[in-house]
Every structure is written in structure tokens, then in C-alpha cells.
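Student: So the protein sequences, as listed, match chains S and W.
The numbers in full-length UniProt numbering rise by one with no breaks, and the one at position 101 of the first sequence is 101.
The numbers in full-length UniProt numbering rise by one with no breaks, and the one at position 30 of the second sequence is 30.
Please see the structure below; I have some questions.
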Amino acid sequence: MQRESLNLLLPRGISRRKVFQLLGMSGLAAAMPAGLRPAMAQDKSLALFTWSSWGEAGFATQAKDRLGIDLKSTFYASSDEMMAKLRGGGTKLYDMIVPVQNYVEPAAKAGLIEPLNPAALTNAKEIFEQFSQSPQWRVDGKLYGIPFVWGANAMAFNRKETGELDSLKALFDPKYKGRIAMRDEPEDTLAVAALHLGIKKPYAMEEKELQEVKKLLISQKPLVRAYWKNVADVQNMLASGEAVVAWSFLAVIAPLLKAGVDVGWVWPKEGAVGWSESITAVKGTKKLKLVEEYANFTLSAEYGEFMARTTRYAPASKTAIAKLEPQLVKDLGIDINNVDRLVFKDIPKDKSRWNEVWNEVKAA
Amino acid sequence: MRAKVSTVLAFLAAPKLWLIIFFILPMMTMVLYSFWRVADYQIVADFTLRNYQKIGGNLYVNVFLSTIRLSLYVTALSLLIGYPVAYFLARKVRRFRLTLLLLVILPLWTSYLVRTYAWMLILGTQGVVNQALMSLGLIDAPFTALLYSDVAVTIALVHIYMPYLILPLYAVLEKIDPSVLEAAWDLGGGRLRTFLSVILPLSLPGIASGCLFVFIPSMGAFVTPELLGGTRSIMIGSIIAQQFGVAYEYPFGSAMALVLMGLIFAAAAATLRYGRPRGTA
């Protein structure tokens, strides 16, 4: 009844969801009576709030064909944007999100996400144990997701200028003075410096170690061309020759190779920064069962293989990897035998101190 | 009479409502936040002065100072380049004045981001400047100090904000009564003397508001320094943006934004006070 009356109020061609999105942006959704919220609808649709990388139309087609689920995706470009929109009333708009592991605890503690039923995730047994057993996806003993995709931020280099590289030393080598690019982001850059110093657990650093990291990064400054903020910027720097070695995302490699730059990608022997992402239920979704069904599907070999082929991101499913040709596995930029070399992004012991140290480095 | 008063009040209500909703309420929220703190990823409404104490520390005072310094450079350069342009447009040109004015405003039609990125292409190691200098044989190796430096940030900010200085200055210069200038000449003032004792003092209000229009946005700039700045070009705008983004420190960010706003208000008040026209009786 309420739904129909609302529909009558709407101009033709505007979906109710669109209206709720608009309302959400203005923060009004929170004020709507519960009966009007889209989650009440009994249809088999899921509102997915996700990274723009998962915007491939194929995922929606696949969800429709295989599960009969209407996947409606809205996108964010950073974890902060995801958190900000969820806080600003987004929990009323979305059924599920795709967080990175280190945002699970903040989101859970801020009451933005809902635990999943482990029994519903039957495909979890096909996932590499490093991911299916990861404590980062559990908060207070409750499971919030099992990653379907993973990767690492690592080192990209211009092979013509540097030859093969395998060590973080290159990022601190005066030989490449003024041609090194680092990321303008403490969670990556402080961890990289810590790994270079031989600190095994960067995210658990105490003040004394933070000071050493700060000293190292300040001494590195004259060597650094620029700190990059967006992945497009580091890609440009590598393409134009402003930088020959960079701490980077894997996403720059394929376009650079296509542009004719002989660019290499390596997980340095000292370590690289790992990430994983999972389908996670948004707090208060009325479709938890459906979310779990879809989450389980993303863990299947079928989904993993499809994802690897369309997006070049690495599936966390053992069976999916087994279905791929060796060359493609190599192109995914992962090294499953060396997962131990990764330090998975975590919440720093004192996050605001980390930000401050990074600002101190930049202001020095 | 009564009806008239209520009509006036009704008309006043709209702008007042506008001010309250879009200015006063957000501002009050920020003031409140700036005394609160974050615990366990939630904002907790405990009264604390910690945020302001933190700003008083070495790190942030230095960032504020370097931001002020860079903004002053940008303002001075804009004035140095913009004044002759405005003067020329207002007092020398007759025929193509509108076209030329349009050319001044034209850059404003392009997105701020596009203009910032354009400077990357111009100043880069393989950029237009270096290529030109190299092909002229003036240098052997490209300058690398152009892009990713305070120089690049200053150049881009001057380019982006200078139109805001030229326009008010133009308006003031154009309004100067020619008879005042004739009087100055009649009294034996040369070109320079006339400029220094008549035109310049009369254009002070234009200089003041034009400089403010450049200084204020420069103080808050964060996209340009992040894209073009070197490893040292950290500005307060970036730190504030960081508090509302990665750091999730709304309280600290609010405190810093309020301090920035205070500095800007102080600069504006001082400029407007001392920027009154002088030399007029």
C-alpha cells in the first residue's frame, strides 16, 4: 500500500531505488519510515555497493543467469568513500559491500555490517586457507566474509632503466635519485619502509620503530620524485619516465605494457602489502540469506575463473586458479607459493599516530 | 504599514533561512565536533581541547606557516602579473576590450583539475618547456625541478586564481575619473608620479579584494599541491582533507578547518581595513 502510493508520486522513468539513492545522498533516507525502504521488497534483487573495478556488466548477467538475482551495483573509488557513504545513511540503501580486510573491524565496530552464517558459505573449502582462515575477517568471533579476490601492492619498475629488481633496496637506492615514486598513504608507505628495515610486523609497530621508519623515509625524500595519490598518477609517472621504480598497484601494469613500456612487477623479497576483498552484508539488510547465497557464489571456481579472465584480478579459490593457463596465472601478478611473503593490510596499532608520522615525513 | 513590514520580513526570511541552513548550521556542527573525539571508530561527544592542542604542535604550525608563505607568493605573483593586465584592459584598450576580458575569464570555463593536469604536460621532464629548451640547444639535459615542486604548485595556482584578481581590479581601475588624472597632470605630475600618488591609491580597494580572492582559495588548496607538489609541498588543505578521509578524525579536521578559517578572516579583516582608498580627500 505504502509502496504503491509512493510509486504514484514518482515521475515515470525514475525507479524507486534511484529516488532512495538521491534521498540517501541528502541523508534523508534515515528519516523514511521503515516500510518504505527498498529492502522490504520481496523481489530477488540485491543492491551491491562496490569498487568500480567490479563494474563489469558480465557480473550482473552471471548473477541473473546462474542465481536469478538482479544485481544492482553502485560504486565507490576508495575505502574511505565506502565508509563515509555507509555512515551517511547508506546502510538503508545497500544489501552488501566489498570491503578490504582492514576495514572489516572498523565497519563492524561502527555498526555498519552484519556477520554471515559460516554454514551458508559451502564453497569456502575451495579457498586458500590463508584467506578462509584469516582472523582479519572475524570480529569478536563472528565471521564477516571470506575473500573471493586478493592481490598485493608491490614494486613496479621500468626494465629498460633498472634491469630486473627483486629487493626493496631499489626504492632507497641513490642510483635512482629523483626517479622513485612512493604512495601518498601511510598504510602502504610506512609498512614498506618498515619491511625495508626488517620489521616483520609493520602494523604492530611501537613508537620507537615508527621513529626509525620516519627517519628512513625522511632520508629517502631527496630520492623521491613525487608521492602519488591516484593510481592514474603513478601510471603516468611510469609511462612518461618521471619514475623508473615505484611502489604501485598491479592495475598499472597491463595498460603500461599495452602502451609499450617494458614494465616489470615484483613482490620484493622483503615483503609486499597484501589485500583481499569479500562480499559482506550491510547492517540491517532484509535479504541476509540472499547475500549469503551470492557471497557463496563468489567463492565458486566458476565465478573465480570468470573474474580472472575478465578483470585480471586473482581469485582466492584454489579450484579457480587450477582452471587457468599458467601464463594467465603469471599475468595475474600473484605468487601463491609466496603468500607468506605478504603482510596483509591491518589496522595500525595507533592509526592517528601513523597519519601524523606520515605528515611529519612530508613536512620535514 | 503592518502588511508592508510582514512582506519585508517574508522576503528576508528566504536569505536568512539559506544562511542558517548552509552556513550557520554546518559551522556550528564543526565547532561542536572540534571539541569532541573519536573512539572505536565513532565520534564521542566528550568535551576536549586536545584537538586544538595538537594543532599548536610543531608539525602543524610549520605546515600552516608554509601554507601561508606559498599563498603569499601566489598572491604577490598574481598581483605583479594581474595588475598590468587589469590596468591595460581598463585604461588603454578601447576596441577589443570585451573580447580581451572574455579571454581573461576563459580559463575559468575549464575544470580546475584539467588546468592542473595541463601543467604536468607543460612542466614534466618530457614536457613542453623542457622539449623547447632542449631543441633550442639552451640546455643539454631536461630540468627535473620544474614539475613536482613548490614552483609547479605556485605557477598552477597563479594561473588558476589570477582571473579572480584581475576582475575586481579592472572594475576599480575603470571607474577612476579621468578628470582626476587630468588634474594630476595639470599639477605637473609625470606618468610615474601620477600612477604612484593617484592611480595606485585609488585602486587599493581593487587590489585588496583581488588579493583576497587569490589568497583565500590558495590557503585551502589541496588538489593542486597533491598533484604537482614535490615531496615537501604539503599544505594544510591536504591535511584537513586527510582527517575527513583516511584518518576519520572529523573532530581534529574540524578544529583545523576552524583555525584556517580564523586565519583567513583575520587576513580579510586586515586587508579590507587597510585596503581603503587613500589620497582622496
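Cβ atoms here follow ideal geometry from the backbone N, Cα and C, with glycine treated the same way.
(1) For a cutoff of 8 Å on Cβ pairs, would you count residue 63 of chain W as touching chain S?
(2) Specify the secondary structure class of residue 59 of chain S as computed by DSSP and reduced to three states.
(3) For residue 305 of chain S, count the other beta carbons within 10 Å of its own beta carbon; 16 or more makes it buried, fewer makes it exposed. Which is it?
(4) When you check each C-beta in the segment 149–177 of chain S against every C-beta of chain W, which residues fall closer than 8 Å?
(5) Measuring CB atoms only, is the segment 225–243 of chain W touching the segment 59–77 of chain S, in the sense that at least three cross pairs come out at less than 8 Å?
(6) Have a look at residue 43 of chain S and residue 276 of chain S and give me their C-alpha separation to the nearest angstrom.
(7) Between the Cα of residue 352 of chain S and the Cα atoms of W:266, W:265, W:246 and W:269, which residue gives the shortest distance?
(8) To test your reading of the DSSP string, which unbroken alpha helix (DSSP H) runs of 4 or more residues are found completely within the segment 137–222 of chain S?
(9) How far does the alpha helix (DSSP H) with residue 254 of chain S in it reach, from first residue to last?
(10) Identify the contact partners of residue 338 of chain S in chain W, using a Cβ-Cβ distance below 9 Å as the criterion.
(11) Quick check for students: name the residue ranges of the beta strand (DSSP E) that lie wholly in the segment 29–72 of chain W, counting only runs of 3 or more.
(12) Compute the distance between the beta-carbons of residue 342 of chain S and residue 312 of chain S, then report whether it is under 8 Å.
(13) Would you mind stating whether residue 182 of chain S and residue 224 of chain S have Cβ atoms separated by less than 8 Å?
(14) In chain order, what residues of the same chain have a beta carbon less than 6 Å from the beta carbon of residue 186 of chain W, not counting five sequence neighbours either side?
(15) Thinking C-beta only, is residue 199 of chain W closer than 8 Å to residue 176 of chain W?
(16) Between S:127, S:137 and S:65, which lies nearest to residue 281 of chain S when the distance is taken from Cα to Cα?
(17) Tell me which residues share the same chain as residue 86 of chain W and place their Cβ nearer than 7 Å to its Cβ, disregarding the 5 neighbours each side in the sequence.
(18) Name the DSSP bridge partner or partners of residue 72 of chain S?
(19) Express the C-alpha separation of residue 240 of chain W and residue 215 of chain W in angstroms, rounding to a whole number.
(20) Should residue 340 of chain S go down as buried or exposed, given a rule of 16 or more other Cβ atoms within 10 Å for buried?
(21) Between residue 232 of chain S and residue 102 of chain W, what straight-line distance do the alpha-carbon atoms span, to the nearest angstrom?
(22) To the nearest angstrom, how far is it from the Cα of residue 109 of chain S to the Cα of residue 38 of chain W?
(23) If I follow the unbroken alpha helix (DSSP H) through residue 298 of chain S, where does it start and stop?
(24) For the segment 352–363 of chain S, enumerate the residues whose C-beta is nearer than 8 Å to any C-beta of chain W, in chain order.
(25) Does the Cβ of residue 22 of chain S have 16 or more other Cβ atoms within 10 Å, making it buried, or fewer, making it exposed?
(26) Should residue 107 of chain S be labelled buried (16 or more other beta-carbon atoms within 10 Å of its own) or exposed?
(27) So, helix, strand or coil for residue 242 of chain S, using DSSP?
(28) Can you grab the Cα-Cα spacing for the pair residue 203 of chain W / residue 80 of chain W, in whole Å?
(29) Pull up the CB-CB distance for residue 202 of chain S and residue 194 of chain S, whole angstroms please, since I reckon it's below 8 Å.
(30) Determine the direct distance from the alpha carbon of residue 78 of chain W to that of residue 104 of chain W, and round the result to whole angstroms.
(31) Go ahead and pull the three-state DSSP assignment for residue 247 of chain S.
(32) Counting pairs of beta carbons, one from the segment 154–168 of chain S and one from the segment 238–258 of chain S, are three or more of them closer than 8 Å?
(33) Could you check where the alpha helix (DSSP H) with residue 194 of chain W kicks off and where it finishes?
(34) Can you tell which of S:101, S:128 and S:263 has the C-alpha that lies nearest to the C-alpha of residue 162 of chain S?
(35) Under 8 Å between C-beta atoms, does residue 70 of chain S make it to chain W?
(36) Among residues of its own chain, excluding the 5 on either side of residue 217 of chain S, which ones have a beta-carbon nearer than 6 Å to its beta-carbon?
Tutor: So, from the data block:
(1) yes
(2) When secondary structure is reduced to three states using DSSP, residue 59 of chain S falls in the helix class.
(3) buried
(4) none
(5) no
(6) Their Cα atoms are separated by approximately 30 Å.
(7) W:246
(8) 159–162, 186–196 and 207–220
(9) 253–258
(10) Near residue 338 of chain S there are no residues of chain W at all, since even the closest Cβ is about 29 Å away, more than 9 Å.
(11) 37–39 and 42–44
(12) no
(13) yes
(14) none
(15) yes
(16) Looking at S:127, S:137 and S:65, the one whose alpha-carbon comes closest to that of residue 281 of chain S is S:137.
(17) For residue 86 of chain W, where only same-chain residues beyond five positions count, the Cβ hits under 7 Å are 166, 169, 170 and 173.
(18) S:47
(19) Cα-Cα distance, rounded: 18 Å.
(20) Residue 340 of chain S is exposed by the Cβ-count criterion.
(21) 33 Å
(22) 13 Å
(23) 288–298
(24) 352, 355, 356, 359, 360, 362 and 363
(25) Caution applies to residue 22 of chain S, whose pLDDT of 47 falls short of 50 and renders its modelled position unreliable; the model cannot decide the point.
(26) Its Cβ being crowded by 16 or more others within 10 Å, residue 107 of chain S is buried.
(27) coil
(28) 14 Å
(29) 4 Å
(30) A straight-line Cα-Cα distance of about 13 Å links residue 104 of chain W and residue 78 of chain W.
(31) strand
(32) Three or more pairs of CB atoms, one per stretch, sit closer than 8 Å, so the segment 154–168 of chain S contacts the segment 238–258 of chain S.
(33) 191–194
(34) S:263
(35) no
(36) 193 and 361
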